[in-house]
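Step one of this worksheet: look at the structure below.
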Amino acid sequence: MRINASKSASMMMMKDGKRKHRVLTQDHFEVDGSPLKSMSPVDEAKYMGPGFTWKGRKAVRHTGKLNEMLGDLTKAPLKPHQRLELLRVFAIPKLVHDLTLGVAHRNTLKYLDRMIRETQRARIGRSARTENPLTAIVTGTKSFGPNVRTANIPISVGQSTVVSVEEAKQA
Numbered sequence: 484m485r486i487n488a489s490k491s492a493s494m495m496m497m498k499d500g501k502r503k504h505r506v507l508t509q510d511h512f513e514v515d516g517s518p519l520k521s522m523s524p525v526d527e528a529k530y531m532g533p534g535f536t537w538k539g540r541k542a543v544r545h546t547g548k549l550n551e552m553l554g555d556l557t558k559a560p561l562k563p564h565q566r567l568e569l570l571r572v573f574a575i576p577k578l579v580h581d582l583t584l585g586v587a588h589r590n591t592l593k594y595l596d597r598m599i600r601e602t603q604r605a606r607i608g609r610s611a612r613t614e615n616p617l618t619a620i621v622t623g624t625k626s627f628g629p630n631v632r633t634a635n636i637p638i639s640v641g642q643s644t645v646v647s648v649e650e651a652k653q654a
């Protein structure tokens, strides 16, 4: 594997003596004779989807992302089964990917689930018996895609972060 210097960026943090501060220095690095872009404190980089700053992973509003995806699906000139298929194949796995790389609060998962369910009900005019999309994934039914438990979405419970129900009971 080769590093592409034009697509890469570097940052260097150093301890600021005895003051217990981190300092972002503007040192320059080279890869195969090509200089790497040095990140400043206001720069942001993307890696596998989420954004990163010098402080770490940037907080993402998953509800806003889902709301935007559901709005795009609603506005698109598609048949109902095509919308459902795009939701199942594209939107929910993208959301699961983002949730897996980050830490989600358990209420966030409930709210995302409620948003999907309400949008589907409004779209097809079903009653409260409509299957719950994220719950269907968690319980392992095949209607909306893979099992979320296999994705190991980290959930914050109190002061700790858990991945399974057993860990949540212990926390």
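Count along the sequence shown from 1, add 483, and you get the number used in my numbering.
Heads up, the beta-carbon is just placed ideally off N, CA and C, and yes, glycines get one too.
Measure how close the beta-carbons of Met598 and Ala574 come, nearest whole angstrom, since I'm counting them as under 8 Å.
Counting from one through the sequence shown, the residue named residue 598 turns up at place 115. Counting from one through the sequence shown, the residue named residue 574 turns up at place 91. Their Cβ separation, rounded to whole angstroms, is 11 Å, which puts Met598 and Ala574 out of contact at 8 Å.
Under the three-state reduction of DSSP, which class applies to Val525: helix, strand or coil?
Here residue 525 refers to the residue found at position 42 of the sequence shown. Coil.
Taking all protein chains shown into account, do 16 or more other C-beta atoms lie within 10 angstroms of the C-beta of Thr461, making it buried, or fewer, making it exposed?
This structure gives no information on residue 461, because the portion of the chain shown stretches from 484 to 654.
First and last residue of the alpha helix (DSSP H) that includes Met552?
Within the sequence shown, residue 552 is the residue found at index 69, counting from 1. Segment 545-558, the alpha helix (DSSP H) holding Met552.
For Asp581 versus Lys548, is the C-beta spacing smaller than 8 Å?
Here the question's residue 581 lines up with position 98 in the sequence shown. Here the question's residue 548 lines up with position 65 in the sequence shown. When the beta-carbon positions are compared, Asp581 and Lys548 come within less than 8 Å of each other.
Taking the Cβ atom as the reference point for each residue, do Pro576 and Arg606 lie within a distance shorter than 8 Å?
Your numbering for residue 576 matches position 93 in the sequence shown. Your numbering for residue 606 matches position 123 in the sequence shown. Between Pro576 and Arg606, the CB-CB gap reaches or exceeds 8 Å.
Phe535 - containing beta strand (DSSP E), residue span
Numbered from its first residue, the sequence shown carries residue 535 at position 52. Element bounds for Phe535: 534-536.
Could you tell me whether the segment 511-527 touches the segment 486-503, using the rule of 3 or more Cβ pairs below 8 Å?
Output reads yes: the segment 486-503 touches the segment 511-527.
Under 8 Å between C-beta atoms of His545 and Leu569
Working through the sequence shown from its first residue, we reach residue 545 at position 62. Working through the sequence shown from its first residue, we reach residue 569 at position 86. For His545 and Leu569, no; Cβs fall outside 8 Å.
Can you tell me which residues form a DSSP beta bridge with Ala492?
Translated into positions along the sequence shown, residue 492 becomes position 9. Residue pairing from DSSP places Ala492 in a beta bridge opposite Lys520.
Euclidean distance between Cα positions of Asp510 and Val543:
Within the sequence shown, the letter at position 27 stands for residue 510. Within the sequence shown, the letter at position 60 stands for residue 543. Using only the alpha carbons, I get a separation of about 29 Å.
Taking all protein chains shown into account, do 16 or more other C-beta atoms lie within 10 angstroms of the C-beta of Leu592, making it buried, or fewer, making it exposed?
The count along the sequence shown starts at 1 and reaches residue 592 at position 109. The residue in question, Leu592, is buried, as its Cβ has 16 or more Cβ neighbours within 10 Å.
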